[in-house]
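Using mature numbering (1 follows the signal peptide of the UniProt record, and there is no 0), the letters of the sequence shown map in sequence onto residues -26 to -1, 1 to 154. Virtual Cβ for every residue (Gly too), placed ideally from N, Cα, C.
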Amino acid sequence: MKPIYSHFAGAIAVTLAVAACAPQPASTPTPAPAPAPAPTPTPTAVVQPVYQNWMDAPATPGDWTYRNGGTTTSAFFGPSSADARFTMTCNRSNRTITLARAGEARGQTSMIVRTETGNRTLAAQPFGATPSLAAVLPANDRFLDAMAISKGRFAVEIPGMATLYVPSWPEVTRVIEDCR
């Protein structure tokens, strides 16, 4: 045999020996099964955040709108006067101010109004054609002054409803002064 063939045969033998020592390729991994869809959470009651001081809570979005209706004047707070969340109405003939919170509750409940200088729990009853709850105060009640100058805002709470953190803008004072 020619020497070239023996070198060639030796090279093939070495190549095959090296190939036999090389690690075998890993088998293709089996794809992981698709994760099961997360269960849909069941709706629960709205949980409001709790603040150590109510004045630290963010203001409720909205603006005040004032309207003079002759024997009554009103200030509406909310996205618009047609969609008011809170209303203050002066009835000039009997010198009372009605505080009305949009929303529905069964029967008589309480309305808690918080100001910088004090809190007042008022009896609230269903009011008006649209679902709302209202409390009535005499126009000379000094608590109304506390609402008007309460570090720029006051809070209105009714059990089962979201608390309103309402700015005490000039419309609040104007309705109060209209009744005095």
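Hey, out of the options, whose CA is closest to residue i's CA?
i	options	result
P112	A49, T70, S124	T70
D119	E151, V110, A103	E151
F51	N27, R66, A33, G43	A33
Y25	T137, S55, P144, N114	T137
P23	P144, G43, M135	M135
K125	N42, A56, C153, P144	P144
Suppose you measure from the CA of residue i to the CA of residue j; what does that come to, to the nearest Å?
i	j	result
G92	A49	22 Å
T89	R127	7 Å
R94	S84	10 Å
L96	N114	16 Å
S55	I132	21 Å
F60	W38	9 Å
G43	I123	25 Å
Between which residues of its own chain and residue i is the CB-CB distance below 8 Å, once the five residues before and five after are set aside?
i	result
V149	Y40, T47, S48, A49, M62, T63, C64, I71
F117	V87, T89, G92, R94, L111
W28	R88, A129, T137, Y139
Please check the pair residue i and residue j, which I expect to be a contact at CB under 8 Å, by giving their CB distance rounded to whole angstroms.
i	j	result
V130	V87	6 Å
Taking 6 Å as the limit between beta carbons, can you name the residues of its chain near residue i, skipping five residues before and five after?
i	result
P53	G36
T45	R66, S67
R154	A113
Can you find a CB in chain C that lies within less than 8 Å of the CB of residue i?
i	result
V87	In the structure shown, chain C does not exist; there is a single protein chain.
In its own chain, which residues sit with a C-beta less than 7 Å from the C-beta of residue i, not counting the 5 before and 5 after it?
i	result
A108	T72, L73, A74, A98, Q99, F101
Tell me whether the beta-carbon of residue i lies closer than 8 Å to the beta-carbon of residue j.
i	j	result
T104	A76	yes
Y139	A31	yes
S106	M121	no
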